[in-house]
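One structure is given below, encoded as structure tokens.
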Amino acid sequence: MAERPRDLAERMARRRKMGGKPGESGGDGYLRETFTLPRAAARARAEAFFARYPKAGYMSVVETWRELPGGDIEFTMRRLPSAD
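The sequence shown begins at 17 in the numbering used here and counts up by one.
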């Protein structure tokens with residue numbers, strides 16, 4: 017019997033809720049790190065992340081970011097665990 021869209025959505029939601037080791041995602045294969053830094057330090061940290069994990073090899077990206085009321089930037093970097 018074919019799965020209903022609702023079944024697929026529920027299975028995906030369960031995967032997201034599953035915990036893992038720190039820095040790991042809920043099962044999509046990506047590693048995530050979240051930082052909260054002043055703007056200049058956040059920019060430098062993101063540049064260092066891309067230098068260490070190049071976008072082409074690790075599919076690295078700034079997944080989310082927001083400016084906090086105090087002016088700090090909270091952002092999450094996402095990458096694959098290893099480049100092939």
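In this text, a Cβ means the ideal position worked out from N, Cα and C, and glycines have one as well.
Proximity winner among the options, relative to residue i (alpha-carbon distances)
i, options, result
"Ala5", "Met93, Pro21, Ala25", "This structure leaves residue 5 out entirely; the chain is present only between 17 and 100."
"Pro97", "Gly45, Leu24, Glu19", "Gly45"
"Leu53", "Arg20, Pro70, Val77, Arg82", "Arg82"
Beta-bridge partners of residue i, as assigned by DSSP
i, result
"Met93", "Glu49, Val78"
"Glu83", "Ile89"
CB contact flag (residue i, residue j, <7 Å)
i, j, result
"Phe91", "Phe51", "yes"
Presumed contact (8 Å Cβ cut-off) between residue i and residue j, rounded CB distance
i, j, result
"Arg95", "Leu47", "6 Å"
"Arg55", "Gly87", "7 Å"
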